[in-house]
Every structure is written in structure tokens, then in C-alpha cells.
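Everything on this sheet refers to the single structure shown next.
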Amino acid sequence: MDIKPENPWQGTPDISARIVVAIARIASVLRAGVWEAATAENLNPAQAEILQLLRDRTQGVRLSWLAAQLSVSAASASDSVAALVAKGLVRKARAEDDGRASALWLTDKGKALAARMAQAVGFADDAAARLPGDDQAALLVGLFKLIAQLQKSERFPALRACLSCRYFEPNVFPGSAAPHHCALVKAPLPITFLRIDCAEHVPADPVAERRNWDAFA
Numbered sequence: 013m014d015i016k017p018e019n020p021w022q023g024t025p026d027i028s029a030r031i032v033v034a035i036a037r038i039a040s041v042l043r044a045g046v047w048e049a050a051t052a053e054n055l056n057p058a059q060a061e062i063l064q065l066l067r068d069r070t071q072g073v074r075l076s077w078l079a080a081q082l083s084v085s086a087a088s089a090s091d092s093v094a095a096l097v098a099k100g101l102v103r104k105a106r107a108e109d110d111g112r113a114s115a116l117w118l119t120d121k122g123k124a125l126a127a128r129m130a131q132a133v134g135f136a137d138d139a140a141a142r143l144p145g146d147d148q149a150a151l152l153v154g155l156f157k158l159i160a161q162l163q164k165s166e167r168f169p170a171l172r173a174c175l176s177c178r179y180f181e182p183n184v185f186p187g188s189a190a191p192h193h194c195a196l197v198k199a200p201l202p203i204t205f206l207r208i209d210c211a212e213h214v215p216a217d218p219v220a221e222r223r224n225w226d227a228f229a
């Protein structure tokens with residue numbers, strides 16, 4: 013006769029492990045959508061990701077930054093960039109803040125292709141939009157809190173997020189629906205308006221950034 017365990021759920025992984033699995037599965041689906049579009053354009057996954065990283069960036073970025081975002085060596089990132097330059101999708105020029113260094117931008121052709129690839133994961137945006145408003149807000153806050161914890165591991169790449177921006181002023185209006193303040197637009201900043209990636213982002217002082225992430229965590 014089979015002996016039933018006292019706790020029928022004793023084999024269930026910790027909730028933290030299931031959260032990570034869920035995020036990994038979602039990431040796989042999103043990558044597959046982008047890579048499918050990239051393959052149609054004769055790009056490999058690394059090249060496709062570089063186009064996405066350069067999208068909506070008005071200031072050029074350094075090769076070292078790209079390598080860190082991709083978690084690859086500078087040499088590997090350089091090979092991918094060289095292929096994109098040859099395809100006319102990326103241009104290389106002197107950095108605006110340092111004439112001795114080079115920076116990278118998307119060409120008009122690269123911007124158009126990056127926009128098309130972004131549309132390839134529109135199904136995920138649609139799925140998130142169908143969640144009730146409260147669920148969307150709670151999910152966004154939860155993801156920010158998870159990122160804040162990951163920042164402590166020093167394994168998470170730099171973001172153009174509100175919490176790492178010079179214009180972000182935390183807890184100016186504590187207890188309100190818009191507790192923070194954005195000095196760029198000079199307006200209260202609701203939690204639901206926090207951005208993971210903002211084109212107007214200006215890096216904050218490292219000490220202030222660390223304080224912001226720690227407070228949010």
C-alpha cells in the first residue's frame with residue numbers, strides 16, 4: 013500500500029525558485045520572438061540584441077558598455093559591432109564627451125530594423141496590457157524590487173532606470189500616490205510611472221544611486 017506524505021506539497025520548489033523559473037520562461041519566449049525576426053534579416057542573436065540596446069539612444073554608447081550589457085568580452089562585442097557596421101545598421105564615430113574615444117549609434121536603417129524587431133514581441137505587451145491595472149502596478153513594483161536585490165550582487169548591468177538617474181528625487185511626497193519627484197519634468201512621480209529604460213536618463217552620483225536602490229529594496 014502506498015504511503016501518502018504528510019504534506020502533499022513537500023516536493024514543491026520554494027516560491028523564489030518558481031519566480032525565477034517563470035521569468036526565465038518569459039525571457040525565452042521574448043528572445044525567440046526577437047531572434048525569429050532577426051533571422052529573417054540575416055542577423056545572429058548577439059547582433060539583434062545590440063540593435064535593441066542601441067534603440068532610442070540619442071547619445072552614442074561605448075563598446076565596453078555594450079560588452080557589459082551582453083555579458084561578453086570586448087573582443088566578442090567588437091566582432092558583432094563590426095558586422096553591423098558592415099551591414100550599414102550601426103555607425104561608429106568620435107564620442108561626444110571624449111574626442112579620443114569612439115562611440116556607437118544606430119543608422120536610420122538600423123533604427124528601422126530595431127523598431128521592426130521590437131514589434132516582434134508586441135504579443136507580450138498585449139498580454140501585460142490585458143492584466144487588471146492593480147496587477148500591472150503590483151507586478152511593476154515587484155520587478156523593481158527584484159532588480160534592486162539583484163543590483164546587490166553586482167551581476168546586473170547598468171540601467172537607464174529612474175532610480176539610477178540624476179533627476180530622480182526619492183520620497184519627496186511620502187505616503188502619497190506619487191511619492192517621488194522627477195526634477196527633469198518638475199512633477200511628482202507616481203510608482204506606476206517609474207521607468208526601467210528612459211531616453212532622458214542622466215546617470216546619478218554612484219552614492220545616490222546605491223541609496224535609491226537600497227531604499228527601494
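For the sequence shown, my numbering begins at 13 and goes up steadily by one.
Ideal Cβ positions, reconstructed from N, Cα and C, are used throughout, including at glycine.
Contact holds between the region 36-49 and the region 123-136, because three or more Cβ pairs, one in each stretch, are under 8 angstroms apart. Scanning Asp68, Ile159, Leu82 for the CA closest to the CA of Ile31 turns up Ile159.
Separation of His192 and Pro182 (C-alpha to C-alpha, rounded to the nearest whole angstrom) is 5 angstroms. Arg43: member of the alpha helix (DSSP H) spanning 27-52, first to last residue.
With fewer than 16 other Cβ atoms inside 10 Å of its own Cβ, Ile27 counts as exposed. Cβ contact annotation for Lys121 (same chain, cutoff 7 angstroms, sequence separation greater than five): Gly100, Leu101, in chain order. By DSSP's assignment, Val73 forms a beta bridge with Leu116.
Pro169 places its beta carbon less than 8 angstroms from that of Gln81.
For Arg207, there is no enclosing alpha helix (DSSP H), as DSSP marks it with neither H nor E. In the structure shown, the three-state DSSP call for Ala170 is coil. Residue burial is scored here from C-beta neighbours: Val46 has at least 16 other C-beta atoms within 10 angstroms and is therefore classed as buried.
By the 16-neighbour rule on beta-carbons within 10 angstroms, Ala79 is buried. By the Cβ test, the region 208-225 is in contact with the region 172-182, since at least three Cβ pairs between them sit closer than 8 angstroms. Taking C-beta atoms as the reference points, Ala52 and Ala60 fail to come closer than 8 angstroms. Following the DSSP letters along the chain, one finds Lys157 in no beta strand (DSSP E) but inside the alpha helix (DSSP H) bounded by residues 145-163. Each residue's CA atom was taken as its position, placing Ser188 and Leu196 some 20 angstroms apart.
C-alpha of Pro215 to C-alpha of Gln22: approximately 46 angstroms in a straight line. By the neighbour-count criterion, in which 16 or more other beta carbons inside 10 Å mark a residue as buried, Phe205 falls on the exposed side. Assignment of Arg106 by DSSP, reduced to helix, strand and coil, places it in the strand class. When the beta-carbon positions are compared, Ala115 and Arg74 come within less than 8 angstroms of each other. Exposed is the label assigned to Ile35, since fewer than 16 other Cβ atoms lie within 10 Å of its Cβ.
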